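Visitor:
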Amino acid sequence: MTALYVHIPFCKRKCNYCDFVSYAGKEALIDAYVNALVRELGTKELGTGGPETIFFGGGTPTLLEPRHFEQIIKTVAAVFRPPSRNGDLKVAATSEITIEANPGTADKAKLKALRALGINRLSIGVQSFNDRHLTMLGRVHDSATAKRFYQDARAAGFENINLDLIFALPGQTLAEWKADLRQALELDPEHLSVYNLQIEEGTPFAGKFTKADEEVELAMYEAAIDTLTAAGYKHYEISNFAKPGRECQHNLVYWRNGNYLGVGAGAHSHVNGQRWSNPNCLEEYLSRVASHELRVSDPETRDPRPETIFLGLRLLDGLAQEHFNGFEREVKELIADGLLTADGSNYKLTRKGLYLGNLVFAKFV
Amino acid sequence: MLSKIRNFCIIAHIDHGKSTLADRLLEFTKTIEKRDMRAQVLDTMDLERERGITIKAQAIRMEYNGYVLNLIDTPGHVDFSYEVSRSLAACEGALLLVDATQGIEAQTLANYHLALHSNLTIIPIINKIDLPGAEVEMAKNELVHTLGFRADEILLASAKEGRGIAEIIDAVIARVPPPQGDPDAPLQALIFDSHYDSFRGVIVYLRIVNGTLNKGDKIRLMGTGKEFEALEIGTLRLDLIPRDTLAAGEVGYLIGNIKNIADAHVGDTVTRTKSPAPAALPGYQPIKPMVFCGFYPINGEDYELLKESIEKLQLNDAALFYEPETSTALGFGYRCGFLGLLHLEITQQRLTREFNIGLIATTPNVVYQVNLTNKKVLLIDNPTKLPDLSQIESIEEPYLKVSIFTPADYVGAVMTLANDKRGTFLNLEYLDPKRAVITYELPLAEVIIEFHDLLKSVTRGYASMDYEQVGYRTSDLVKLDILINQEPVDALSFIVHRDRAYYYGKKMTERLVKEIPQHQFSVPVQAAIGGKIIARETIKAKRKDVLAKCYGGDITRKRKLLEKQKEGKKKMKLIGRVEIPQEAFLAVLRLDQ
């Protein structure tokens, strides 16, 4: 198994733009949930060797206690290894263990304890450094808390930190967005994810706001690319920037259409060409694990090429040309339109193609 | 036996309750048991149910107290006025149904006049008296003062609640005269409807006017001259009930191995090959389509499917005219002719729904008469066929006399609209202090383009209209061409009055900019007359369209999103490098929305 994703669907409150599987006010179920995760992991036949990466995503994983992570990591170590060598907390083959965190949801001691468990990458949901915007987004923290949290994480020994930022917020100006970028760079993280806000159906934002003007979105996106690359970050995926060698190894597995196992409510898996997912509903997940009836969605096996291409092209280095066999006509059109270009043995998006990625991707599905 | 037969129909404005009353009559006479009732039995097509109109007439025989009551249904839309007139000609009586909440409407009056013209005995009925908004006295007054009925002739009913039904049946028997006709005379039977059955061929609905039709008779259709054998004849219940003879005064059906519905056209006369009638019954008219448009498959591969589907529709719709045509922009398709805009829309929907064809319908147009400088005359049913201006002496277009019924408050608005649409005022008459009839002559071309919708909108839905053709008039007409990304799109060309060309050019370009999605390059949309650009708009280039987030949990969802995006493209027609959605080709119909 290449990558393991563990979903933690708990939040202090639900953000106004969020359509992920996460629940506010259900923290009482955390112990039961971790037990269920452990149980689910136990049912997996994972082979030996261990995952190269583990990602605790949410929700807000830092709402859990260090002992919960200990329990999970121990189980991972056990199921991936022969029983005789069981007991080592660290998963030897695993080079990257990421945990997502929201500012203010863990103190220095908790961060330290997490680091001690072998968790070596922290992804902080900062989203904005503008308190007015943070309130509008429905975030639980302010800008100062985010900065303090970042410093605490550094002090706790995290040497690989990502910050999430969102742009094209309702009413946000380009100057405000540039200020967010500047403040992020002042913190000097190893990695930055910058996302254009998507207004998702069923969220409080959906009824309230419409998508920002395209020209505004484009200007903000360009500002991010220009500012961050000038500061020494490599723009390696549509929304992701990293210092050299600090690309997120776990997410690279997704974009390379690799194998990953997802556990927990709503988690998705992709193993040897099959995709499936767990039930989204927390209670349903719990009861099904308890009764040994964790029925996931029926595995889907489909032509992997469209996914390989549209995921692979998200990476700025592109994708080996051999993956485009059978799409010669599409490739030719896209090159003629200036959206795609050959680069060595790869095809990759041009700058224009980067802005119009969906037009490119849609050609291959 | 003739004395025991009553042939009648129900005439009414749309939604005044015709189908519901028919249902009650069938129930009351126990023609159908209540438990077998599907609401509104006489409307069989889904589209009819949806739109609340009856498209194809049918008939049903009821038996009550020793009487045979043949109810002949009539199409309820002005597009089908010829079919209505033939159904009426098969009857001796008509129930004139008026909605107590609406009073007399345009089609009430139009149908009333048709019924009078056919010498029918008319029984006025005020329906929907159960509704809270019912104004029975108002409706009564209109019937008395506008149509000249006596107050004591008027029946009151609520078809929905089954009130007044016995009185209606009694009135049919007492007031409608029995049919006249000589069973021993040479056969004359009026075709008032026909439909195609995939198992049995064409089923002809007819009223025997004179003579007797026997099973096995060799017959001739006097209009088309085609001959057939009466393989099966009979009467109409919910099913076909075979009989050996149908005599003068009776209503029934005939099956004769007729393969093509155009051979058994409504209004034609059936006679016997041996000792035929000396003359056909009066009133027969060959079909004359009034409105034309092009139908093109979005995907070229669907051309065969389109062909087969139109053929199938035509089996049951003799009024549907079609012939192959080619468009530079759209490729191979069909030019189709219709009785009116409703007929067009219904056909388009049936092709899309029943045959699942991605279809582009081009802007509807009328038939223009082009007088050339060389004194020849051309009839043009497609704007692209308009010859070069230098060869044209003059162009004539069909005109209608349009009667519009409106509450008095909206008289001004209606007149402004009619004037805008190049109308010539004829008359304004008040039915009562609150309601008026305004009569205009209007070019058919203006009436088929959004006139009805605009009329409804300026009168808050209260106005109704009816029309009749009044022939051709010379107009100063020009062809307006539309260029998308510098290429002329022939399917978007249309003919307009010169004074209105700038207005339409501007509106069209504005509309198309809304209908055509953004591309990665900017797309100019221009309107031109004879090569001269008169309006221009630009569809801005798409600048950013990319999924910000795509991680392990998103992949299936994102793939579906991309597939949907691609599916959407399949519903568009690629012209040059520009993808144009179906709706854009009907943009001219939606200029004011």
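Chains A and B are the protein sequences, given in the same order. Sequential numbering of the first sequence, starting at 1, is according to the working numbering. Sequential numbering of the second sequence, starting at 1001, is according to the working numbering. By construction, the Cβ of each residue, glycine as well, lies at the ideal position given by its N, Cα and C atoms. Keep in mind it's a predicted model, so treat the numbers as computed, not measured.
(1) How would you write the range of the beta strand (DSSP E) that A:T53 sits in, first residue to last?
(2) Any heavy atom of the ligand HEM inside 8 Å of the beta-carbon of A:E330?
(3) Please report the residue range of the alpha helix (DSSP H) in which A:I73 lies.
(4) Using a 10 Å radius around the Cβ and a threshold of 16 neighbouring Cβ atoms, would you call B:I1595 buried or exposed?
(5) Is there at least one Cβ from chain A nearer than 9 Å to B:G1471's Cβ?
(6) Say whether the stretch 1483 to 1497 of chain B touches the stretch 1548 to 1556 of chain B, bearing in mind that this needs 3 or more beta-carbon pairs closer than 8 Å, one atom from each stretch.
(7) Could you tell me whether any Cβ in chain A is nearer than 9 Å to the Cβ of B:K1226?
(8) For A:E307, return the contacting residues in chain B, with the cut-off set at a CB-CB distance below 7 Å.
(9) CB-CB under 6 Å to A:L349, same chain, minus the five flanking residues each way: which ones, in chain order?
(10) For chain B, is any of its Cβ atoms less than 9 Å away from the one on A:F241?
(11) Near B:E1050, which residues of its chain fall below 7 Å by C-beta distance, leaving aside the five closest residues on each side in sequence?
(12) What does A:D337 reach in chain B if we use C-beta pairs closer than 7 Å?
(13) List, in order along the chain, the chain A residues whose C-beta lies closer than 8 Å to that of B:K1549?
(14) Determine, using beta carbons only, whether B:V1546 comes closer than 9 Å to chain A.
(15) For A:I225, I'd like the list of residues in its chain whose CB is within less than 7 Å of its CB, leaving aside the five on either flank, ordered along the chain.
(16) Taking buried to mean at least 16 other C-beta atoms within 10 Å of its own C-beta, is A:D303 buried or exposed?
(17) Per DSSP, B:P1242 forms a beta bridge with which residues?
(18) Please return the same chain residues whose Cβ sits closer than 6 Å to the Cβ of A:E200, not counting the five positions on each side in sequence.
(19) Report the option in B:V1176, B:G1294 and B:A1185 whose CA atom is closest to the CA atom of B:T1328.
(20) Using 8 Å as the threshold, is the stretch 242 to 253 of chain A in touch with the stretch 319 to 332 of chain A, meaning 3 or more CB pairs across them?
(21) What are the boundary residues of the alpha helix (DSSP H) that A:R148 is part of?
(22) Cα separation between B:Q1469 and B:Y1440?
(23) 9 Å is my cut-off, CB to CB: does B:I1565 come that close to chain A?
(24) Take A:H270 as the anchor and find which of A:L165, A:A155, A:V296 and A:A184 has the nearest alpha-carbon.
(25) For B:G1234 and chain A, any beta-carbon pair shorter than 9 Å?
(26) Comparing the C-beta of B:R1163 with each C-beta of chain A, is any distance below 9 Å?
(27) Give me the residue from A:I97, A:A336, A:T2 and A:H133 with the minimum Cα distance to A:I73.
(28) Since B:L1339 and B:P1289 should fall inside the 8 Å C-beta cutoff, what is the C-beta to C-beta distance between them, to a whole number of angstroms?
(29) Name the residue from B:G1103, B:F1292 and B:A1151 whose alpha carbon lies nearest to the alpha carbon of B:A1445.
(30) Over what stretch of residues does the beta strand (DSSP E) that includes A:D367 continue unbroken?
(31) Starting from B:K1479, follow its DSSP beta bridges and name the residues at the other end.
(32) Check the DSSP bridge columns for B:A1527 and list the partner residues they point to.
(33) Quick check: the Cα distance between A:K90 and A:R67, rounded to an integer number of angstroms?
(34) With 16 other CB atoms within 10 Å as the buried threshold, where does B:K1128 fall?
(35) Which chain A residues sit within Cβ distance under 9 Å of B:K1507?
(36) Using a cut-off of 7 Å between C-beta atoms, extract the partners of A:F310 located in chain B.
Guide: On the basis of the coordinates in this document:
(1) Segment T53 to G58, the beta strand (DSSP E) holding A:T53.
(2) With respect to the ligand HEM, the structure shown offers nothing to examine, as it has no ligands at all.
(3) That run of the alpha helix (DSSP H) goes P66 to F80.
(4) Since the first residue shown for chain B is 1001 and the last is 1593, residue 1595 of chain B is missing from the structure and cannot be characterised.
(5) The beta carbon of B:G1471 does not come within 9 Å of any beta carbon belonging to chain A, so the residue lies off that interface.
(6) Taking 8 Å as the limit for Cβ pairs, the verdict is that the stretch 1548 to 1556 of chain B does not touch the stretch 1483 to 1497 of chain B.
(7) So no, B:K1226 is outside the interface.
(8) Ordered by position in chain B, the residues that pass the 7 Å Cβ test against A:E307 are I1555 and R1559.
(9) Result list for A:L349: L313, in chain order.
(10) A:F241 does not count as touching chain B.
(11) In this predicted model, B:E1050 has a pLDDT of only 48, less than 50, meaning its place in the structure is not dependable enough to derive any value.
(12) Correct list: Q1520.
(13) The answer, in chain order, is Y195, Q198 and S239.
(14) The C-beta of B:V1546 comes closer than 9 Å to at least one C-beta of chain A.
(15) Result list for A:I225: H235, in chain order.
(16) By the neighbour-count criterion, in which 16 or more other beta carbons inside 10 Å mark a residue as buried, A:D303 falls on the exposed side.
(17) Under the DSSP definition of a beta bridge, B:P1242 partners with B:G1234.
(18) Taken in chain order, the residues that qualify are D19.
(19) Selected option, being the one with the closest Cα: B:G1294.
(20) With a cut-off of 8 Å, the stretch 319 to 332 of chain A and the stretch 242 to 253 of chain A do not count as touching, because too few Cβ pairs lie within range.
(21) That run of the alpha helix (DSSP H) goes S143 to A155.
(22) Note on geometry: alpha-carbon atoms of B:Q1469 and B:Y1440 lie some 12 Å from one another.
(23) At residue 1565 of chain B the sequence reads Gln, which differs from the Ile that was named. At least one chain A Cβ lies under 9 Å of B:Q1565.
(24) Comparing Cα-Cα distances from A:H270 to each of A:L165, A:A155, A:V296 and A:A184, the minimum goes to A:V296.
(25) Among the residues facing chain A, B:G1234 is not included, as its CB has no counterpart in that chain under 9 Å away.
(26) Answer no: the Cβ-Cβ gap between B:R1163 and chain A never drops below 9 Å.
(27) Closest in C-alpha terms to A:I73, from the list A:I97, A:A336, A:T2 and A:H133, comes A:I97.
(28) The beta carbons of B:L1339 and B:P1289 sit about 7 Å from each other, so the pair counts as a contact at 8 Å.
(29) Closest option to B:A1445, judged by alpha-carbon separation, among B:G1103, B:F1292 and B:A1151: B:F1292.
(30) Outside the modelled stretch of chain A, which goes from 1 to 365, sits residue 367 of chain A, for which no answer is possible.
(31) Beta-bridge pairing links B:K1479 to B:I1495.
(32) Within the DSSP secondary-structure output, B:A1527 pairs in a beta bridge with B:I1482 and B:A1535.
(33) Only weak support is given to the placement of A:K90: the predicted model assigns it a pLDDT of 47, under 50, and the value that follows is read from those uncertain coordinates. Looking at the backbone, the Cα of A:K90 and that of A:R67 are separated by about 14 Å.
(34) Residue environment analysis places B:K1128 among the buried positions, since at least 16 neighbouring C-beta atoms fall within 10 angstroms of its C-beta.
(35) The premise fails here: B:K1507 is roughly 26 Å from chain A at the closest Cβ pair, so nothing lies under 9 Å.
(36) L1562, listed in chain order.
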